[in-house]
Structures are given as structure tokens and as C-alpha cells.
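Engineer: I am attaching a structure below and will ask some questions about it afterwards.
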Amino acid sequence: MDNAFFSRFHPRVIDVFLRDGTFWYDLGKPRRTITFESSAKRNFMLVTDGAGALSVNGVHHPLSVGSVFYFPLRNRIQLSYTPEQPLQFYSVHYDYKLIEWDGSSVTCLEPQENSLPLPVVTQAADAESFALHMRRLYDLWQGKAPDYEWQARLMFLNLVNEVRRLYSQRNEGDLTRRAIAKCMDYIKTHYAEPLEREELAEIAALSASYFSIMFKKVAGCTPTQYITKIRLDKAKQLLQSSNMTVSEVAREVGFQDPLYFARVFAGHAGMPPREYRKA
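For the sequence shown, this note's numbering gives the first residue as 9, with consecutive numbering after it.
What follows is the structure, encoded as C-alpha cells:
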């Protein structure tokens, strides 16, 4: 699972549709296949009735009730259905940017990927529940309440995250990912100790270079960044719940240099440790 992507994923819902049987008519004439020579919109969809197929650059994917699918950008897309079971589906037209925030500054990046780091088609584990959430998103969008765009973005993020969760669960048997998860657990309990990449790679039974690559892919950040996050989270707890000095807190969570700790903490929290304690 590409957590580095989703940690930066910032979508905007543009429109929400319910595509019923009328979608398959053009100028009053029925059609069984719709073709996009080069898809120009990002769409996220759920089949609520019928059966058919999605073709992306000639690769066919069957669709049925509960199928969650999307259109990769600038690909040749064909959507079709069987005569007996016309497809009906919800469709979310969206776009997104990649947002990077280091605690003091924000960078907005245009996505370079045509596809999400997810399968083009995923079968929902609970089709009825997923359809209910899509229906709520559709009703919210049609209702146009004062905060509907913000609420729609939250609901859409939850839907995407559910697909992400399903994909992750179905790939949890991957030995490398489980090794990285084991290493992350080790960091959580040994954060106060010196932690070197080579030691962590040995725990995961991976080469140091491959460990770094896979750690970032699984955790969404480098091993050093993850260690720092764990240490700073513990430091925040100690600053608010103990009478330890800032220097004592720094050493307690694994920083040997209190001045360096204060600089890193301020960059992460937006204020020095002493101010954080008073906030």
C-alpha cells in the first residue's frame, strides 16, 4: 500500500451523479457500450444494480453489484453492460492535489499519476453498506447545505479509505509488509534508545537499502522520520503530564542534544517545547 501517496492526497469533489437506465440512451436510442478514447475526468463509481464490464486500454474487468471502480486519466475506457442487466451506478467526479506539509510550510503538487495506487476495480466487502454511504454523499451533494462541499470531501475520503483498507487487508499476507509492521512496533517500544537503519533492517530481515524503500512505501515516511514522529509524540505527552525539564524530556525520548530536540520540536509543533507546555 502506497501510504506516502495517501498521506498527501487532498481531493475535491466536483459533482455526484446517479447513473440510472437513462445513462445508456443517446438521442433517444439505447446503447450498450460507451467509449472514451482518452478519459479526461477522474471518476469514482459504485455499481448498485446490473452487471457489465470495464475495459481500460483493452484490459477487461467484470462489474457487478458492489463493484467499486474508477477511470484512470488519459486512458482508453469502455463501459458496457449485458442486455438483461443494465448497469446502474453512483459516480463521483473529483480531482485532487498532493499536499506536503513539514509543520511550517505547505507545498501543493500536481499529481503525476494517471491512476490511484489502488486496483481499478475492487469488490466491496459489504455492498449494501457502501451503497448507503454513496447514497448519503449523493443526497448531501444534491441538497447543497451551506457546508456541503467540506462534508462531501470528508465522505469521499472515507469511501476511498475503505477501498484502500480492503486492498491492504487482501495483501496483508505479504511477508515484507509484515516485516516492516514488526519493525514499526519495535520502534514504538524502543524509541528512547539509539536506533540505526542497519539494526532496524536486520530486525526486518531485509537489506538496508531495500528496507528503506519498503519502509517508506508502507509507513508513508522514512525510518528516520517515523522515529522522530514517535519521539516527538511521546515528548508532547511528557511536557503536558510531567514536571520534567525540557532537557530531561529530550533525553527521555531519545534526543541526546536538548538544543537539537528543541529545534526539531519547534519545526514539528510550530512552537518551542516551553511554549507548548503552556499552551
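Glycine residues also receive a C-beta, built at the ideal position from the N, C-alpha and C atoms.
(1) For Ile-42, list the residues DSSP reports as bridge partners.
(2) Thinking Phe-269 and Ala-258 are a contact (beta carbons under 8 Å), I'd like their distance in whole angstroms, please.
(3) For Ile-235 and Leu-203, which I take to be in contact (beta-carbon distance under 8 Å), what is that distance rounded to the nearest angstrom?
(4) Buried or exposed: where does Gly-60 fall if 16 or more other Cβ atoms within 10 Å of its Cβ makes it buried?
(5) Helix, strand or coil: which one does DSSP assign to Arg-16?
(6) With a threshold of 16 other CB atoms inside 10 Å of the CB of Trp-32, please say whether the residue is buried or exposed.
(7) Could you please give the first and the last residue of the uninterrupted alpha helix (DSSP H) stretch that includes Cys-191?
(8) Just to confirm my understanding: we take Ser-215, look at its own chain, exclude 5 residues before and 5 after, and list those with CB closer than 7 Å. What are they?
(9) Less than 8 Å separating the beta-carbons of Leu-54 and Phe-138?
(10) Using the C-alpha atoms, what's the distance from Glu-256 back to Tyr-284?
(11) Trp-109 bridges to which residues according to DSSP?
(12) Please list, in chain order, all residues of the same chain as Gln-150 whose beta carbon is under 8 Å from its beta carbon, the five residues on each side excluded.
(13) Terminal residues of the continuous alpha helix (DSSP H) containing Val-64?
(14) Output yes or no for whether 8 Å exceeds the beta carbon distance between Pro-19 and Tyr-102.
(15) Rounding to the nearest angstrom, what Cα-Cα distance links Arg-173 and Leu-167 in this structure?
(16) Take Ala-48 as the anchor and find which of Asn-122, Pro-231, Ala-243 and Val-73 has the nearest alpha-carbon.
(17) For a test of the three-state rule: what should DSSP assign to Pro-70, helix, strand or coil?
(18) When the Cα atoms are used, what is the spatial distance from Thr-115 to Ile-107?
(19) Could you tell me the distance, in whole angstroms, from the CA atom of Glu-206 to the CA atom of Ile-22?
(20) With burial defined as no fewer than 16 other Cβ atoms inside 10 Å of the residue's Cβ, what is the status of Arg-50: buried or exposed?
(21) So what does Arg-27 bridge to, in DSSP terms?
(22) Leaving out the 5 sequence neighbours to the left and right, which residues in its chain are closer than 7 Å to Asn-65 when beta-carbon positions are compared?
(23) Judging by CA-CA distance, which residue of Phe-44, Ser-250 and Trp-109 is the nearest neighbour of Pro-80?
(24) Between which two residues does the alpha helix (DSSP H) harbouring Asp-241 extend?
(25) With DSSP collapsed to three states, give me the class of Asn-122.
(26) If you follow the beta strand (DSSP E) that Asp-57 is part of, which residue opens it and which one closes it?
(27) Figure out for me which residue from Tyr-175, Gln-245 and Gln-264 has the closest Cα to the Cα of Ala-200.
(28) In chain order, what residues of the same chain lie with their CB nearer than 7 Å to the CB of Tyr-146, ignoring the 5 residues before and after it?
(29) Please work out which residues of its chain come closer than 7 Å, Cβ to Cβ, to Thr-56, disregarding the five sequence neighbours upstream and downstream, and give them in chain order.
(30) Return the bridge partner residues of Gln-159 from the DSSP annotation.
Structural biologist: Answer, in terms of the structure:
(1) DSSP lists Leu-87 as the beta-bridge partner residues of Ile-42.
(2) Between Phe-269 and Ala-258 the beta-carbon gap is near 4 Å, inside 8 Å, which marks them as a contact.
(3) Taking a contact as a CB-CB distance under 8 Å, the pair Ile-235 and Leu-203 counts as one, their CB atoms being some 6 Å apart.
(4) With 16 or more Cβ atoms within 10 Å of its Cβ, Gly-60 is classed as buried.
(5) Under the three-state reduction of DSSP, Arg-16 is assigned to coil, being neither helix nor strand.
(6) Label assigned to Trp-32: buried.
(7) Element bounds for Cys-191: 183–198.
(8) The residues are Ala-209.
(9) Contact check for Leu-54 against Phe-138 passes: the beta carbons are separated by less than 8 Å.
(10) Roughly 15 Å separates the two Cα atoms.
(11) Per DSSP, Val-114.
(12) Within the same chain, Gln-150 has close Cβ partners Val-24.
(13) Taken as a continuous stretch (DSSP letters only), Val-64 belongs to no alpha helix (DSSP H), being part of the beta strand (DSSP E) at 60–64.
(14) Contact flag set, yes.
(15) Linking Arg-173 to Leu-167 through their CA atoms gives a straight-line distance of about 10 Å.
(16) Looking only at Asn-122, Pro-231, Ala-243 and Val-73, the smallest Cα-Cα distance to Ala-48 is reached by Asn-122.
(17) Residue state, collapsed to three classes: strand.
(18) Rounded to whole angstroms, Thr-115 to Ile-107 spans 6 Å at the Cα level.
(19) Between Glu-206 and Ile-22, the C-alpha separation is close to 46 Å.
(20) Taking a 10 Å sphere around the C-beta of Arg-50, we find 16 or more other C-beta atoms and assign the residue as buried.
(21) Paired residues: Phe-97.
(22) Closer than 7 Å at Cβ, skipping near neighbours: Asn-83 and Arg-84.
(23) Nearest neighbour of Pro-80 by Cα position, chosen from Phe-44, Ser-250 and Trp-109, turns out to be Phe-44.
(24) Where Asp-241 is concerned, the enclosing alpha helix (DSSP H) starts and stops at 231–249.
(25) Residue state, collapsed to three classes: coil.
(26) Element bounds for Asp-57: 50–57.
(27) The candidate whose alpha carbon is nearest that of Ala-200 is Gln-264.
(28) Within the same chain, Tyr-146 has close Cβ partners Val-24, Leu-26 and Tyr-98.
(29) Counting only Cβ-Cβ distances below 7 Å, and skipping sequence neighbours, we find Val-73, Gln-96, Phe-97, Tyr-98 and Ala-139.
(30) Bridge partners of Gln-159: none, in fact.
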